[in-house]
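There are 2 protein chains.
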Amino acid sequence: MSNIASGNSIAEIAALIGDPARANILSALMGGQALTAGELAWHAGVGAPTTSGHLAKLAGAGLLALEKQGRHRYYRLASPEIAQAMEALMALAASGPKRHRPVGPKDEALRAARTCYDHLAGRLGIALADALHAQGHVVLADGTGVVTAAGRRFLDDFGIGLGTELTGRRPLCRTCLDWSERRPHLAGRLGAGLLDRSLALGWIARVPDSRAVSVTAEGREGFAATFGIPPEQDGVA
Amino acid sequence: MSNIASGNSIAEIAALIGDPARANILSALMGGQALTAGELAWHAGVGAPTTSGHLAKLAGAGLLALEKQGRHRYYRLASPEIAQAMEALMALAASGPKRHRPVGPKDEALRAARTCYDHLAGRLGIALADALHAQGHVVLADGTGVVTAAGRRFLDDFGIGLGTELTGRRPLCRTCLDWSERRPHLAGRLGAGLLDRSLALGWIARVPDSRAVSVTAEGREGFAATFGIPPEQDGVA
DNA sequence: CGCATGGTTCGACCGGGACCGAAACGTCCG
DNA sequence: CGGACGTTTCGGTCCCGGTCGAACCATGCG
């Protein structure tokens with residue numbers, strides 16, 4: 247047989263993600279926050295002992311990072327690369343053959359606005375990307391993004407310092423295919439900055455036990471004034 | 247428990263990739279060519295009946311496309327998204343904790359030059375990306391690429407028509423992190439064009455039963471004259 | 001036609017791993 | 001100190017799924 251080692255190490259990683267409980271754990275951590283073992287057990291849908299075993303495996307493989315704090319143990323994704331792999335798998339799962347779509351009510355909140363590891367996704371994320379694109383602040387030529395000089399000034403005014411280090415390992419502006427909208431939104435350092443700043447301004451708030459975020463009254467006003475994003479008429483936003 | 251559906255569909259896909267035999271099949275198809283069930287059985291390292299079952303599952307999930315041709319059945323990756331997910335998993339597997347590196351002799355050929363789904367990777371892929379970047383034909387700001395006007399002309403002269411449709415679904419120039427060199431090379435339509443044209447010119451040739459490609463004598467000359475890439479001194483290239 | 005070759009289906013075997021209950025461990029609190 | 005809570009370890013059960021041999025279709029060749 248051929249080069250067996252390459253396929254095997256891929257299989258090890260994929261098999262880790264390939265268990266429903268572990269996939270739920272990783273999905274929950276895609277929110278970008280660190281969660282305790284207990285919270286993750288709830289998300290995984292299995293008992294605490296089982297979850298503990300899963301967490302040990304994931305951490306042992308380097309997918310999860312652990313931080314002890316008192317009698318709690320906080321787990322988070324170990325690196326942005328993990329999130330990127332999860333995104334790629336989500337895109338596959340969403341575009342797969344005839345996905346069943348019960349589209350529950352809580353699902354609607356996720357489609358409106360949610361976090362995607364460390365940046366914004368859903369209709370809000372798309373709207374931000376579109377707005378920055380329309381105003382000439384980023385160029386989204388064929389699915390990839392570059393920040394213009396005007397955009398850099400605009401973002402600086404908004405409170406996002408992108409820094410000058412062009413040699414930084416982390417991409418400044420990466421696009422990420424949205425699994426609900428099937429259109430690209432902004433990831434990378436720019437995407438992370440938009441999320442952080444929006445949270446700091448109180449324009450959006452995290453919804454407990456979910457990756458969804460809700461747009462506040464200040465947020466509706468702010469997003470409209472700063473980015474020209476019209477408030478949505480449906481109940482959620 | 248929380249939104250279970252999302253994690254489950256991800257787990258289904260990941261579990262498919264998470265079997266060593268299936269991972270080897272997918273890895274083999276990352277070469278971009280369609281392979282017969284028998285060839286894939288050899289790559290997978292399991293018997294023909296087992297392979298047949300795996301192929302049925304992968305095709306049923308929409309990961310593989312099937313093309314019948316006489317008494318042969320050719321399988322290939324169903325979409326570039328599949329390849330992108332595999333790339334992300336490879337990056338994880340390569341950067342994982344203390345990967346064993348036997349680095350056999352055949353591994354060296356892969357590191358020198360290989361195909362990555364539909365474009366070039368390895369030292370040759372990196373060298374091409376560096377050359378195009380150094381000559382101002384592409385801008386590789388923070389890990390993502392844009393083709394300049396001069397680059398478009400240069401590539402047109404070389405024989406790669408990139409087309410004018412900027413609305414095309416497929417990214418024109420995407421970067422892909424190389425698992426062996428840990429640096430980005432060119433993917434997307436540009437990357438695919440470079441591979442196709444190099445093959446057509448006879449500058450590179452596919453190595454049987456492998457993703458590796460060998461640089462021909464014409465290739466050494468051509469890459470040096472056109473891109474300014476110095477021929478490597480080690481035996482392979 | 002009949003045989004060889006590539007591929008899939010069937011049946012049976014077997015090992016790994018997910019799961020839980022009970023118990024042990026560590027930490028904070030009264 | 002002792003009780004409560006969060007987390008992990010241990011032991012045992014059970015089932016899913018990967019594997020192969022043999023038999024079964026389909027296609028091409030002489």
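Chains as they are written, first to last, in this note's numbering: chain A, 247 to 483; chain B, 247 to 483. Even for Gly, the Cβ is constructed at its ideal location relative to N, Cα and C. None of the values given here were measured: they were computed from a predicted structure.
Reduced DSSP secondary structure (H/G/I, E/B, other) of residue i
i, result
"G278/A", "coil"
"L323/A", "strand"
"P430/A", "strand"
"L441/A", "helix"
"L310/A", "strand"
"I259/B", "helix"
"D402/A", "helix"
"D265/A", "coil"
"E467/A", "helix"
"G474/B", "coil"
"L408/B", "coil"
"G291/B", "coil"
"N254/B", "helix"
"T413/A", "Below a pLDDT of 50, predicted positions are generally treated as unreliable, and T413/A, at 41, falls in that range; no measurement from the model is reported."
"A340/B", "helix"
Residue(s) in a DSSP beta bridge with residue i
i, result
"V384/B", "V393/B"
"Q315/A", "H318/A"
"I450/A", "V461/A"
"R360/B", "A367/B, A458/B"
"T421/B", "L432/B"
"L378/B", "Bridge partners of L378/B: none, in fact."
Residue from the options whose Cα sits closest to the Cα of residue i
i, options, result
"L309/A", "R420/A, S325/A, R317/A", "S325/A"
"N254/B", "R357/A, L338/A, L366/A", "L338/A"
"I256/B", "P454/A, E258/A, A269/A, L262/A", "A269/A"
"I406/A", "H379/A, G382/A, G439/A, Y321/A", "G439/A"
"D423/A", "L445/A, L386/A, L262/A, A395/A", "Contrary to the premise, residue 423/A reads as Leu rather than Asp in this sequence. Residue L386/A is the option with its Cα nearest to L423/A."
"I475/A", "R319/A, A458/A, W449/A, L301/A", "W449/A"
"R322/A", "A302/A, P477/A, D402/A, Q381/A", "A302/A"
"A305/B", "L447/B, I263/B, L445/B, E427/B", "I263/B"
"S460/A", "R317/A, G371/A, A267/A", "G371/A"
"E285/A", "A307/A, H318/A, E313/A, K314/A", "H318/A"
"Y320/A", "G382/A, A311/A, R360/A", "A311/A"
"S456/A", "E327/A, R399/A, A359/A, G316/A", "A359/A"
"W425/A", "P266/A, D265/A, C362/A, G293/A", "C362/A"
"A451/A", "F400/A, L436/A, R435/A, A355/A", "A355/A"
"A458/A", "E313/A, A373/A, M336/A, R357/A", "R357/A"
"R435/B", "A373/B, V393/B, G382/B", "V393/B"
"R428/B", "A373/B, D403/B, H383/B", "A373/B"
"D353/A", "G465/A, F473/A, E464/A, V453/A", "V453/A"
"G382/A", "F473/A, E327/A, A261/A", "F473/A"
"G437/A", "E313/A, D403/A, A261/A, V384/A", "V384/A"
Nearest-angstrom Cβ-Cβ length linking residue i and residue j, presumed shorter than 8 Å
i, j, result
"A375/A", "P430/A", "7 Å"
"A433/B", "R443/B", "So it is not a contact: roughly 15 Å between Cβ atoms."
"A367/A", "A331/B", "About 18 Å; that fails the 8 Å criterion."
"L441/A", "H365/A", "5 Å"
"A489/B", "I259/B", "Because chain B is modelled from 247 through 483, residue 489/B falls outside the range shown and cannot be assessed."
"L408/B", "R398/B", "6 Å"
(Q) I'd like to know if the segment 275-286 of chain B and the segment 266-277 of chain A are in contact, where contact means that at least 3 CB-CB pairs between them fall below 8 Å. (A) no
Q) Any contact of the segment 458-472 of chain B with the segment 281-295 of chain B, i.e. 3+ C-beta pairs under 8 Å? A) Touching, no.
Q.
Could you check whether the segment 291-300 of chain A touches the segment 334-343 of chain A, counting it as contact only if at least three pairs of C-beta atoms, one from each stretch, sit closer than 8 Å?
A. no
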